[in-house]
Structures are given as C-alpha cells and as structure tokens.
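Student: Sharing a structure with you now.
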Amino acid sequence: MKTVLLILLTLALAVAVGLIVASRAEISRYREMSRM
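In terms of the working numbering, the sequence shown opens at residue -17 and continues consecutively.
Structure follows, in structure tokens:
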C-alpha cells in the first residue's frame, strides 16, 4: 500500500509543478502580448 501512496503523491506533485510552470508561462506570454 505504501508504494501505491508514494506513486500517487509523486504524480500529484508532478501535476502541481506542471500546472504552476504552465500558468507562469501563460502569464509571461500574456504580459508580452499586452506590452505590444
């Protein structure tokens, strides 16, 4: 059971990090667009 929980935790962390990075990229892109 512990291994399954660890795998789920790592997957959740990877998804969270991916979302944060994606949102940051979108924000920077939006700023570049608004600057024009």
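Ideal Cβ placement from N, Cα and C applies to all residues, glycine included.
Predicted model only: the values in this text are computed from it and were never measured.
Put residue 18 into one of helix, strand or coil per three-state DSSP.
Tutor: If you number the sequence shown from 1, residue 18 lands on position 36. Coil, per DSSP.
Student: What's the C-alpha gap between residue -8 and residue 17?
Tutor: Stepping through the sequence shown from its first residue, residue -8 is reached at position 10. Stepping through the sequence shown from its first residue, residue 17 is reached at position 35. C-alpha separation (whole angstroms): 38 Å.
Student: Just the Cα atoms here: how many angstroms apart are residue 14 and residue -2?
Tutor: One-based indexing of the sequence shown puts residue 14 at position 32. One-based indexing of the sequence shown puts residue -2 at position 16. Going by the C-alpha atoms only, they are around 24 Å apart.
Student: Note down the Cα distance separating residue 9 from residue -10, rounded to an integer number of angstroms.
Tutor: Walking along the sequence shown from the start, residue 9 turns up at place 27. Walking along the sequence shown from the start, residue -10 turns up at place 8. Between residue 9 and residue -10, the C-alpha separation is close to 28 Å.
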